[in-house]
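The numbering of the first sequence is the working numbering, which starts it at 1 and goes up by one.
Cβ atoms here follow ideal geometry from the backbone N, Cα and C, with glycine treated the same way.
This report concerns only the one structure given below.
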Amino acid sequence: MTRHHGRVPELPEVESIRRQLAPLLTGRTIVGVKATPQRRFSRLDEAAGRRISAVNRRGKYLLLPLVPAPGAGDPAGRSSPDRELVMHLGMTGSFRLADPDPYVRATFHLLADPAGPHGGEGAALHFRDVRRFGRLSVVDAGDYSTIATLAQLGPEPLSEEFRPDAFHAALAGSRMPVKPYLLTQRPVAGVGNIYADEALWRARVNPHARRVGRERARALWEAIRAVLAEAIEREGTTFRDYAMVNGESGRFATFLTAYGQAGRPCARCGEPLVKTVLGGRGTTYCRVCQRR
DNA sequence: CTAACTACCTGAACGC
DNA sequence: TGCGTTCAGGTAGTTA
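What follows is the structure, given as structure tokens:
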């Protein structure tokens, strides 16, 4: 599976993972789950005996609808999902199909796939997570009431549901500084610390701003869409062609203009970017371009 | 209800 | 070299 160069998975990374997992998991039946006891795992046993009917994404969450598999007393099986596997990668979560190591926290054993490339050989999906911030939950299909952030998740940034006027209204209705508010996932889904800094820089919005006017909100709306779309595109394309320098790809280093660039000159005005702590999170921005 | 604060978790980086 | 301390950060739970 994809390595993430030490980056925390945000929407583009999760979408990249979704695209890799979808052809591997869709239609496969989970026969068993083995997981280390963790407070962020719940009801995983209910995934057993169910078939993955899709691999979807909302924000940074992966959503796998689960359909009861035909059993002894249920020969026909049902076609609609009655459960859903909700997965969040946290800080360090990733998936792999082979080579489990001590950091694998959960393994989903899959029924042999007769149509698969290995002629029906059984397989397993391993969830690896060094820091254990990831979350794996089986819920009643469509019922996210136990996952507050998902239940209140804002619109998908690259969908038609994400509208500049509603986004402006959301920003106007919050008394929080704009960056921490973005990180709540409520005004828009999937923006984390990295792309928040990037989008705010692009839109010239100060991360501390508690009031964002219509024009600036519109610019931020556009910047969020642009930076996420560009990141998704890069995840899916030139990945392997870049020389790896100290664990990061060259494309990654050149792509980001704010995050991780503290002390380096702003690409627009040359002023050294500053790093502060806002809402408990490292925040890099330009004091000149991103005036209050 | 909103917003602010803290806990969770562990390897890496840093200081002496 | 080795050990102790600090940092990173998404989310959830608690408190005001």
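Option in A262, G270, A267 with minimal Cα separation from T283: The count along the first sequence starts at 1 and reaches residue 283 at position 283. Nearest option by C-alpha distance: A262.
Own chain, CB closer than 7 Å to A141, minus 5 neighbours either side, in chain order: Stepping through the first sequence from its first residue, residue 141 is reached at position 141. Same-chain partners within the cutoff: P65, P81, D82, R83, E84.
With 16 other Cβ atoms within 10 Å as the buried cut-off, status of N56: Along the first sequence, one-based indexing puts residue 56 at 56. Result: exposed.
Nearest-angstrom beta carbon gap, L220 and V212 [assumed within contact, 8 Å]: For the purposes of this step, residue 212 is identified with residue 212 of the first sequence, where counting begins at 1. For the purposes of this step, residue 220 is identified with residue 220 of the first sequence, where counting begins at 1. Separation of the CB atoms of V212 and L220 is rounded to 7 Å, and the pair is thereby assigned contact status at 8 Å.
Beta carbon of A106 nearer than 8 Å to that of F41: In the first sequence, counting from the first residue as 1, residue 106 sits at position 106. In the first sequence, counting from the first residue as 1, residue 41 sits at position 41. Yes, these two residues count as a Cβ contact at 8 Å.
Cβ pair count under 8 Å reaching 3, the stretch 84 to 102 against the stretch 130 to 147: The stretch 84 to 102, when compared against the stretch 130 to 147, does touch it at the 8 Å Cβ threshold.
Cβ-based neighbour list, V33, same chain, cut-off 8 Å, excluding 5 preceding and 5 following: Translated into the one-based positions of the first sequence, residue 33 becomes position 33. Once the five neighbours on either side are set aside, the close Cβ partners of V33 are L44, D45, A47, A48, A106, T107, F108, H109.
C-alpha gap between V288 and P177, whole angstroms: The sequence position of residue 288 within the first sequence is 288, counting from 1. The sequence position of residue 177 within the first sequence is 177, counting from 1. The alpha-carbon atoms of V288 and P177 are separated by roughly 18 Å.
Through-space distance from R128 to A98, alpha-carbon basis: For the purposes of this step, residue 98 is identified with residue 98 of the first sequence, where counting begins at 1. For the purposes of this step, residue 128 is identified with residue 128 of the first sequence, where counting begins at 1. Approximately 11 Å between the Cα atoms of the pair.
Sequence-distant residues of the same chain with beta carbon closer than 6 Å to T92, five excluded per side: Start at 1 with the first residue of the first sequence, and residue 92 comes out as number 92. Excluding positions up to five away in sequence, the list reads D129, V130, R131.
beta-carbon D165 near the ligand FMN non-hydrogen atom, thresh 7 Å: The ligand FMN is absent from the structure shown, which contains no ligand whatsoever.
Entirely enclosed beta strand (DSSP E) segments - the stretch 115 to 164, minimum 3 residues: For the beta strand (DSSP E) assignment, the uninterrupted runs of no fewer than 3 residues enclosed by the stretch 115 to 164 are, from N- to C-terminal side, 123 to 129, 135 to 140.
DSSP three-state assignment for G282, whether helix, strand or coil: Stepping through the first sequence from its first residue, residue 282 is reached at position 282. In the structure shown, G282 adopts extended strand secondary structure according to DSSP, grouped into three states.
For K60, three-class secondary structure by DSSP: Along the first sequence, read from residue 1 onward, the residue named residue 60 stands at position 60. Look at K60 here: in three-state DSSP terms it is coil, with no helix or strand label.
Spatial neighbours of K179 in its chain, beta-carbon cut-off 7 Å, leaving aside the 5 residues before and after: What you label residue 179 is simply residue 179 of the first sequence in a count that begins at 1. Excluding residues up to 5 positions away in sequence, A196, L200, P207, L278, G279, T283 lie with their Cβ nearer than 7 Å to the Cβ of K179 in the same chain.
Under 8 Å between C-beta atoms of F316 and R268: There is no way to answer for residue 316, as the model of the chain reaches only from 1 to 292.
A229 vs L158 beta-carbon contact at 8 Å: For the purposes of this step, residue 229 is identified with residue 229 of the first sequence, where counting begins at 1. For the purposes of this step, residue 158 is identified with residue 158 of the first sequence, where counting begins at 1. If you check the CB distance, A229 and L158 come in under 8 Å.
With 16 other Cβ atoms within 10 Å as the buried cut-off, status of A169: Translated into the one-based positions of the first sequence, residue 169 becomes position 169. Residue burial is scored here from C-beta neighbours: A169 has fewer than 16 other C-beta atoms within 10 angstroms and is therefore classed as exposed.
Collapsed DSSP secondary structure at P187 in the structure displayed: In the first sequence, residue 187 corresponds to position 187, counting from 1. Under the three-state reduction of DSSP, P187 is assigned to coil, being neither helix nor strand.
Beta-carbon proximity list for I224, same chain, < 7 Å, skipping 5 on both sides: Taking the first residue of the first sequence as position 1, residue 224 is located at position 224. Around I224: P157, V188, V191, A199.
Residue from T184, T276, Y285 whose Cα sits closest to the Cα of G270: Translated into the one-based positions of the first sequence, residue 270 becomes position 270. For G270, the nearest C-alpha among the options comes from Y285.
Spatial neighbours of L183 in its chain, beta-carbon cut-off 8 Å, leaving aside the 5 residues before and after: Taking the first sequence and counting its residues from 1, one reaches residue 183 at position 183. Same-chain partners within the cutoff: V191, G192, N193, A196, G279, R281.
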